[in-house]
Each structure stands twice: as structure tokens, then as C-alpha cells.
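Below you'll find the structure, written out as C-alpha cells, and then a few comments.
Number of protein chains: 2
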Amino acid sequence: MARTTGSDGEKTEATIREAAVNLIARLGYEAMSMRQLASEVGVQAAALYRYFPTKEELLFTLMREHMEGLTEAWEAARPVSADPVQRLSAYVENHIAFHIERRHATHVSNMELRSLSPERLTQILRMRTAYEKELRAILRDGAETGVFSIDDTGLTAMALIQMMTGVIVWFRPGERLSIAEVTTTYLSMTMRLVGAKIDAYSAARPFGRAKDAVAF
Amino acid sequence: MARTTGSDGEKTEATIREAAVNLIARLGYEAMSMRQLASEVGVQAAALYRYFPTKEELLFTLMREHMEGLTEAWEAARPVSADPVQRLSAYVENHIAFHIERRHATHVSNMELRSLSPERLTQILRMRTAYEKELRAILRDGAETGVFSIDDTGLTAMALIQMMTGVIVWFRPGERLSIAEVTTTYLSMTMRLVGAKIDAYSAARPFGRAKDAVAF
DNA sequence: GCACTAATAAAACAAACGTTCAATTAATTC
DNA sequence: GAATTAATTGAACGTTTGTTTTATTAGTGC
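Protein chains in written order, with the UniProt record's numbering: chain A, 1 to 216; chain B, 1 to 216.
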């Protein structure tokens, strides 16, 4: 046997990507074999090498595209306003929405960094640092203008990111809480954590995706 | 060749444990080979099987003992006081001190859960849940007595634990911040996050290990 | 110093790994 | 409908994996 009827390169590649994210998230990169991935896709292992030259290149591609997606999502959601409270709200809402939507991909990007070669690791970390820098800038602006009260900007940024990203560990869609409820609570916790002066965040308020949350 | 001069079972086992924690933290459980571990210990791979029947049993032992250590540390640090603020302070201080001290072991316990068999996974998760339950109880008591203002106890507990445990990701001993400084800042952030009424935590205050922090 | 046990080495096992290669068939082009 | 290109199979490669078996030596008790 050889080429199968109805076979299409683009579709196969997309299927590989999807299956790889799920499999790596579940088993881990090292524990997932190429044969396992191939069988999930419904293809022989050799066929995978038409699309990705090595296993590591596949992992790297998944990570890079995930980080690019996160950056792009934030660029689309970033408010024009200079108000630190609004900007922080948008950051939190975007971060949580994105990470819940792509739980598996986030898991891969966070857990499998050590399987990358040094150069590729550096590349991913650079993207991540750039994204985190945005948060630090917001916190610094808020602290300087007196809207926030923060001890250590860098440390607070790390704490917030760990807290927000941690959502993917326990959140399961369709359980006790909706995405909207989780986001509202995290927004409230974030604002208290940074000592935001205006504290109207504990009360329930209409939920919107980051880009809609500019005006409030 | 066979038994080497000066060989001692207890010492070898301790060396294996230590090397395994470091190696698994650095490379990951799946990526670490038994031969690699053996060479780190200065022994042949077969010798490892005198101490641990399988690779997974080794991993499980490391994790179980780490969780037991965490539980014991908290039991020793838990204040007699019923005051939620004091109890929460002790919890945060103990958690951060323990996790920084045993960064590598924590990394292993958090990242390699998926390599355990279902029964062993359940056992570890049970220990973890019991530990987290302590935090939820503190938050609930504080919320009920009006000392804290919390939206969702369970969600807040998860957020706090993610935030605190996240320290091990970026903290490197001997860099910009001392353990005491980090703990102070995290304590301040925690108290603001739960909306603690008495907010004297932003100011610098003498640092003490959990068990010494009862009176303040 | 002899018997016994503890601790290890050395070699081997089958299974699984990532990857390559040649052959083969489906779709597309002209 | 012949020639070309795209997509895939099946078999094979050399390594590495966790683990077992057997033999050998160091330490210990008497």
C-alpha cells in the first residue's frame, strides 16, 4: 500500500498538530512515541516525517505558534487607554480566556521547555519574557501614578502570572464555575493584590472578552 | 569485579535518592535513564535495583516522602491560635520556606505526576488534597468571622497555592532577593488578596520561620 | 581464618525508540 | 491517457531503554 484515497497534506498536518498537542499534554513529550502519535492520526509513523523533520521540531513548532497566538491575542485586546486599571483588567481577562481556551497547548508550552535544544529554548523564552514585560510595565505605571500600591513590581508580576496560569491546572469547562465567573473572581483578586484604589471589582459585573472590557 | 571497597548500602541509597531528585528535576523522569542515574551515583545500573525494584517505584518514593515532609513541616509550624490571620501567615511562611528549600523535589512532585500508575497517583493526590484542605479551612474561618473578604474559598485557595508554589520557578538562592524578603512580600500580597482587615503587612517586619511567627 | 551475608559488576535480554529508505499508489497536469 | 507530483506504506536500521541473571568480591561474626 502507499498513498491512500482522499489523502490531503494540509488536513494531515493539521490533524498531526492537534493530536500532538493532546498527546503531549496528556503523556508528556518524552513519553509520547512517534508511533503512538501516528496511530492517533491514523497513519504510519514514517508519514509524520513528511511534515516535521524531527520530533523536537514538532514540539518547537507547537510551542512557537502557541506563544505567537498569545502575543497576537494580547495585541488585539490591549486597550488604547493609558489607565493602569483598565490595562490590567484587559491583561488579566485576555490571559485567562486564552489559557482556558488552549489549556492543552499551554500545558505543553509550560511543561516541556526542557526538551528543547538551547537555541530553541532561548527563542521561546524570549517570546515569553516579552509578553511578561507588558504586565510589568502596567504594574510600574500604576505604582508610579499611585493607582496601585506594590512592593516589588517584578515579583508581583511573577506572582500574578503564576496565579492566573494556574487556572489550567484545576479548571474543567462545564463544571462548577463558568469562564465568566472565574475571570470575575480572578480580576477581583488581582485588583486587591496590587492594592488598586478603586475597588469595585468584588461586586459581580458584566463579563466581556478582553477587547470589550475597555469601557467600565 | 563485584563489591567495591568502602561500599555501604545506606550511603548508596541516600546518594541514589539525592541524585535522582536532581536528575529528574533537570531532565524529567522519562528523559532520565537508569544508566545515567547510576553513573551519577558512581555505580552500575544493576546496583540501583538493590534499592528500588523499578524506576517508577523510585519516583513514587521520592514523591511520597516529599509530601510527607510537607505535611510534617506544616504540623510543626501550625500555630495553636485560632486567629485566621496568624494561621494564614504561618501557612504562607511554611509553604514558601519549604518549597524554596526543596525546589528540586517540589519540581518533581508537581511535574511528574503523570508518570505514576493510577493507584500511586491517587495516593499522592490524596496527600496533596489534605494539605490544601488546611488552607481552605483557614480561609473559610476567616471569611465567616469577617476577618477576610473572599468571593470563593476554593478558588482563592487554588490561586494562593499556585502563586506561592510558583516561587520555585524563578527563585534562585543568592540572587537579588533573600528568602526573607520574598516571604515578606508574598505575605503582604496574600493578606491583600484575601482582603485581610488588619493591613500592617506591607511594612517590613522581622522575619521568622513559621513556628516563630505565632506572636505578632 | 572460615562461613556467611551484603554490595556490586558485567553481560545479556527483549522491547521500544527515532528515523531512513525504497516501493507504491492517488491525484494532478498537460 | 501518459507523465509528473503528492502522500503514504512497510520494512529495516542502529541505539537505547528498563530490567534480570550470574558471578565475584568486601565486610562481618565467630
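We put the CB at the ideal spot given by N, CA and C, even for glycine.
Problem set entry | Ranges of the alpha helix (DSSP H) found wholly within the segment 104 to 151 of chain B, counting only runs of at least 4 | 118 to 144
Problem set entry | B/Gly195 at chain A interface by Cβ criterion, 9 Å | yes
Problem set entry | B/Glu78 in three-state terms, based on DSSP | A small fix is needed here, since residue 78 of chain B is Arg in this sequence, not Glu. In this structure, B/Arg78 counts as coil in the three-state DSSP scheme.
For this session: Using the Cα positions of B/Leu88 and B/Glu181, report the straight-line distance between them to the nearest angstrom.
Result: 18 Å
Exercise. For chain A, is any of its Cβ atoms less than 9 Å away from the one on B/Leu88?
Worked result: no
For this session: Give the residues from the segment 153 to 165 of chain A that approach chain B closer than 9 Å (Cβ to any Cβ), ordered along the chain.
Result: Gly154, Leu155, Thr156, Met158, Ala159, Leu160, Ile161, Gln162, Met163, Met164 and Thr165
For this session: Kindly indicate if chain A contains any beta-carbon less than 9 Å away from that of B/Arg103.
Result: no
For this session: Taking only the alpha-carbon atoms, compute the straight-line gap between B/Pro79 and B/Val85 and give it to the nearest angstrom.
Result: 11 Å
For this session: Output, in sequence order along the chain, the residues in the segment 182 to 193 of chain A whose CB is closer than 9 Å to any CB in chain B.
Result: Val182, Thr184, Thr185, Tyr186, Ser188, Met189, Thr190, Arg192 and Leu193
Exercise. How would you list, in chain order, the residues of chain B whose beta-carbon sits under 9 Å from the beta-carbon of A/Ala77?
Worked result: The premise fails here: A/Ala77 is roughly 21 Å from chain B at the closest Cβ pair, so nothing lies under 9 Å.
Exercise. Got a sec, what are the start and stop residues for the alpha helix (DSSP H) A/Gln44 sits in?
Worked result: Careful: A/Gln44 lies outside any alpha helix (DSSP H) and carries neither H nor E.
For this session: Could you tell me the distance, in whole angstroms, from the CA atom of B/Val92 to the CA atom of B/Arg192?
Result: 13 Å
Problem set entry | For A/Lys197, the three-state DSSP class (helix, strand or coil) | coil
Exercise. So what's A/Glu65 in DSSP terms, helix, strand or just coil?
Worked result: helix
Problem set entry | A/Arg114 at chain B interface by Cβ criterion, 9 Å | yes
Exercise. Exposed or buried, A/Val169, counting other C-beta atoms within 10 Å across all chains shown (16 or more means buried)?
Worked result: exposed
For this session: Given a cut-off of 9 Å, decide if B/Met158 and B/Arg64 are closer than it, judged by their beta-carbon atoms.
Result: no
Exercise. Can the beta-carbon of A/His99 be found closer than 9 Å to that of A/Met164?
Worked result: yes
Exercise. Excluding five sequence neighbours on each side, which residues of the same chain lie with their C-beta closer than 8 Å to the C-beta of A/Ser115?
Worked result: Tyr29, Glu30, Glu56 and Leu59
Exercise. Is it true that the segment 32 to 41 of chain A meets the segment 67 to 75 of chain A, where meeting means three or more beta-carbon pairs spaced less than 8 Å apart?
Worked result: no
Problem set entry | Minimum C-alpha distance to B/Ala25 - residue among B/Asp83, B/Gly142, B/Leu62 and B/Ala90 | B/Leu62
Exercise. Leaving out five residues before and five after A/Arg120 in sequence, what residues of the same chain have Cβ atoms less than 7 Å from its Cβ?
Worked result: Phe60
Exercise. Could you give the distance in angstroms between the alpha-carbon of B/Pro118 and the alpha-carbon of A/Ser33?
Worked result: 20 Å
For this session: Would you please verify whether the beta carbon of B/Glu30 is less than 9 Å from any beta carbon of chain A?
Result: yes
Problem set entry | chain B contacts made by the UniProt domain "HTH tetR-type" (10 to 70) of chain A, where a contact means CB separation under 9 Å | Arg26, Leu27, Gly28, Tyr29, Glu30 and Ala31
Exercise. Of all the CB atoms in chain B, is at least one closer than 9 Å to the CB of A/Met111?
Worked result: yes
Exercise. Helix, strand or coil: which one does DSSP assign to A/Tyr51?
Worked result: coil
For this session: Please say whether A/Phe52 and A/Ile16 have beta carbons closer to each other than 9 Å?
Result: yes
Exercise. In chain A, which residues lie less than 7 Å from B/Trp170 when you measure between Cβ atoms?
Worked result: Met158
Exercise. Would B/Arg151 count as contacting chain A if we go by Cβ distances under 9 Å?
Worked result: Strictly speaking, residue 151 of chain B in this sequence is Asp, with Arg absent from that position. At least one chain A Cβ lies under 9 Å of B/Asp151.
For this session: Measure from the C-beta of B/Leu125 to each C-beta in chain A and report whether the shortest distance is under 9 Å.
Result: no
Exercise. What are the boundary residues of the alpha helix (DSSP H) that A/Leu23 is part of?
Worked result: Gly9 to Leu27
For this session: Compare the C-alpha of B/Thr156 against each of B/Thr183, B/Val167 and B/Glu134 and name the closest.
Result: B/Glu134
Problem set entry | B/Leu177 - containing alpha helix (DSSP H), residue span | B/Leu177 -> no alpha helix (DSSP H), and no H or E assigned at all.
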